[in-house]
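Engineer: First the structure, then my questions, so here it is.
Numbering (the working numbering), first residue to last: 21 to 201.
Structure below.
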């Protein structure tokens, strides 16, 4: 995983990362990229130059206090449209949400502020989305999410059985076990 989240790591020169990509490309491996939405303009060209499949962690961490139809998230959607080798995980609403829940409160419709972002990605790119709980939830210090609520989130973002099949079964199989297709 190439981590560009500034609070977690120091910046690595992209030349070094290109060397890694050149080594893994012949193996059929993919690259996972982790960044925050505000950094996408600076990283767009580098990310677009990666020839392997690319998996974006957590939809590029959009700021869910902003409009899902706004320019910041639109740039992410454009990145996905222009790069058919890019996939994204619609995971970690507990890291993105402002409204919560932050604890085990039994809420039935958790993370409602993240839903419009994730649903839009699932509906526009149904063949290039992945889901996971992010268990064991590394680097979370102030709360531990209820994994049951994370599972309950799935039908809110993948609203049909067909979308759920792609998100949970077909897409992971195509990305991680392509020889089985």
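All C-beta atoms in this analysis are idealised placements derived from N, C-alpha and C, irrespective of residue type, glycine included.
All of these numbers come straight from a predicted model, not from anything done at the bench.
(1) Can you tell which of 76, 31 and 56 has the C-alpha that lies nearest to the C-alpha of residue 149?
(2) For residue 51, report the span of its beta strand (DSSP E) as first-last.
(3) Do residue 54 and residue 24 have their CB atoms nearer than 8 angstroms?
(4) On the DSSP letters alone, give me the boundaries of the beta strand (DSSP E) that residue 75 sits inside.
(5) Can you look up residue 150 in the DSSP assignment and give me helix, strand or coil?
(6) Mapping DSSP to helix, strand and coil, what is residue 106?
(7) Could you give the residue range of the alpha helix (DSSP H) that holds residue 34?
(8) Give me the Cβ distance between residue 114 and residue 165, rounded to the nearest whole Å; I'm assuming they're in contact under 8 angstroms.
(9) Once you ignore the five residues that flank residue 211 on each side, which residues in its own chain have a CB closer than 6 angstroms to its CB?
(10) Quick check: residue 112 and residue 78, are their CB atoms within less than 8 angstroms of each other?
(11) Buried or exposed, going by whether 16 or more other CB atoms sit within 10 Å of the CB of residue 196?
(12) Given a threshold of 16 other Cβ atoms within 10 Å of its Cβ, counted over all protein chains shown, does residue 42 qualify as buried or as exposed?
(13) Give me the Cβ distance between residue 81 and residue 28, rounded to the nearest whole Å; I'm assuming they're in contact under 8 angstroms.
(14) Is it the case that the Cβ atoms of residue 84 and residue 137 are separated by a distance below 8 angstroms?
(15) Can you tell me which of 96, 130 and 191 puts its alpha carbon nearest to the alpha carbon of residue 58?
(16) With residue 80 as the anchor, note down where its alpha helix (DSSP H) starts and where it stops.
(17) In this structure, how does DSSP classify residue 123 when only helix, strand and coil are distinguished?
(18) With distances taken Cα to Cα, identify the nearest neighbour of residue 45 among 73, 68 and 30.
(19) Where does residue 30 land, buried or exposed, given buried means 16+ other C-beta within 10 angstroms?
Structural biologist: Quick look at the numbers:
(1) 76
(2) 51-54
(3) yes
(4) 74-76
(5) strand
(6) strand
(7) 34-44
(8) 4 angstroms
(9) Beyond the ends of the chain as shown, which are 21 and 201, falls residue 211; an answer cannot be given.
(10) yes
(11) exposed
(12) exposed
(13) Wrong, their Cβ atoms sit about 11 angstroms apart, outside the cutoff.
(14) yes
(15) 96
(16) Residue 80 -> no alpha helix (DSSP H), and no H or E assigned at all.
(17) The predicted position of residue 123 is uncertain, since its pLDDT is 47 and thus under 50; a value taken from the coordinates is nonetheless stated next. Three-state result, residue 123: coil.
(18) 73
(19) exposed
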